[in-house]
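Numbering (the working numbering), first residue to last: 5 to 310.
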């Protein structure tokens with residue numbers, strides 16, 4: 005599916021849509037849109053080789069877990085196109101970024117805007133913390149650290165089957181505090197999974213504050229390279245830098261792109277809250293109104309009606 009908009013414009017639209025949702029619903033995972041909008045816009049608009057969505061533009065309700073009596077169960081992977089030899093597989097790891105994922109699917113024409121009216125409603129597949137049945141999700145990655153392992157397993161299977169498509173995983177930097185990530189990295193290097201690549205949103209903040217205050221993970225690029233993978237560090241808001249990083253040769257190695265980002269990019273009004281930005285709620289109606297006026301101005305839109 006070819007989108008006529010530039011990735012930079014899609015990123016701006018993602019931020020606007022997530023911000024609108026935040027104001028109307030009195031809170032949201034907002035900083036994740038600030039930090040990751042360019043990455044997700046670039047992935048869907050340029051980097052991923054995926055076919056047209058195979059799912060309804062307005063998501064169906066949750067149909068239950070797969071079982072002998074529920075053989076037609078479907079994951080949300082169909083929004084990323086059909087699973088086949090030549091197409092890429094995309095694993096969306098940080099499930100709390102779900103709102104940003106849905107906004108991205110809307111802005112690239114894979115999901116109808118009406119789908120967001122189902123967000124976090126009982127029985128809906130459009131969950132606040134994405135699950136395997138949520139739009140754009142192939143696997144349940146709610147426990148951070150699972151995504152890279154999932155992607156490595158898929159990539160290894162695809163290599164054995166001589167499939168031509170790559171496997172990509174989008175991650176958050178908080179996941180690098182998890183031991184399972186480093187186990188997955190070892191496996192990926194050992195099996196020479198050069199059909200696997202990841203982009204990591206390095207916004208340096210997590211639910212309990214700044215990552216450096218919770219568990220400082222040090223020089224991540226040096227560590228990943230020491231494990232034997234190919235690791236590139238870039239400005240995560242520079243789409244041209246992403247394009248160049250993806251072109252880096254990594255024969256017999258997985259490629260890890262560390263995209264360093266700002267969790268209030270495009271919404272500088274949020275800076276006063278840093279690093280307590282994991283989930284933005286309003287402490288008062290006055291704060292909600294003030295934020296609406298200030299950030300709407302930054303995003304070049306009229307204040308949101310709610």
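Virtual Cβ for every residue (Gly too), placed ideally from N, Cα, C.
Fair warning: this is a prediction, and the values are worked out from it, not measured in the lab.
Measuring only from the beta carbon, is residue i closer than 7 Å to any heavy atom that is part of the ligand MN?
i: residue 120; result: The ligand MN is absent from the structure shown, which contains no ligands of any kind.
For residue i, which residues in the same chain have their Cβ closer than 8 Å to its Cβ, ignoring the five residues on either side in sequence?
i: residue 92; result: 52, 53, 54, 169, 170, 171 and 172
i: residue 266; result: 38, 39, 207 and 241
i: residue 104; result: 18, 22, 33, 36, 37, 40, 41 and 44
i: residue 31; result: 283, 284, 285 and 286
i: residue 12; result: 42, 45 and 243
Could you say which of the options lies nearest to residue i if we only look at CA atoms?
i: residue 45; options: 29, 59, 9 and 71; result: 9
i: residue 175; options: 12, 39 and 34; result: 39
i: residue 185; options: 244, 216, 221 and 213; result: 221
i: residue 61; options: 50, 84, 76 and 70; result: 84
i: residue 130; options: 148, 101 and 201; result: 101
i: residue 254; options: 125, 232, 64 and 95; result: 232
i: residue 49; options: 66, 20 and 14; result: 14
i: residue 96; options: 142, 124 and 118; result: 142
i: residue 136; options: 227, 284, 294 and 69; result: 69
i: residue 167; options: 110, 144, 275 and 197; result: 197
i: residue 225; options: 279, 263 and 117; result: 263
i: residue 90; options: 80, 162, 138 and 98; result: 162
i: residue 272; options: 78, 66, 290 and 301; result: 301
i: residue 296; options: 279, 274 and 280; result: 274
i: residue 165; options: 181, 180, 199 and 66; result: 199
i: residue 78; options: 140, 293 and 183; result: 140
By Cβ distance, which residues of its chain are closer than 6 Å to residue i, with the 5 residues on each side in sequence left out?
i: residue 58; result: 82 and 86
i: residue 310; result: 27 and 28
i: residue 261; result: 203, 236 and 249
i: residue 234; result: 254, 257 and 259
i: residue 42; result: 15, 241 and 243
i: residue 145; result: 97, 99 and 151
In or out: residue i buried (at least 16 other Cβ within 10 Å) or exposed?
i: residue 236; result: buried
i: residue 72; result: exposed
i: residue 76; result: exposed
i: residue 276; result: exposed
i: residue 74; result: exposed
i: residue 63; result: buried
i: residue 67; result: exposed
i: residue 269; result: buried
i: residue 119; result: buried
i: residue 219; result: exposed
Using DSSP with H/G/I as helix, E/B as strand and the rest coil, what is residue i?
i: residue 239; result: strand
i: residue 234; result: strand
i: residue 209; result: strand
i: residue 94; result: strand
i: residue 245; result: helix
i: residue 100; result: helix
i: residue 139; result: coil
i: residue 130; result: coil
i: residue 59; result: coil
i: residue 52; result: coil
i: residue 160; result: helix
For residue i, I'd like the list of residues in its chain whose CB is within less than 7 Å of its CB, leaving aside the five on either flank, ordered along the chain.
i: residue 188; result: 152, 153 and 156
i: residue 195; result: 160
i: residue 24; result: 308
i: residue 20; result: 303 and 305
i: residue 252; result: 234, 236 and 259
i: residue 178; result: 148, 210 and 215
i: residue 138; result: 80, 102, 129, 130 and 131
i: residue 124; result: 131 and 132
Going by the DSSP bridge assignment, what does residue i pair with across the sheet?
i: residue 284; result: 32
i: residue 175; result: 204
i: residue 263; result: 205 and 238
i: residue 214; result: 209
i: residue 74; result: 71
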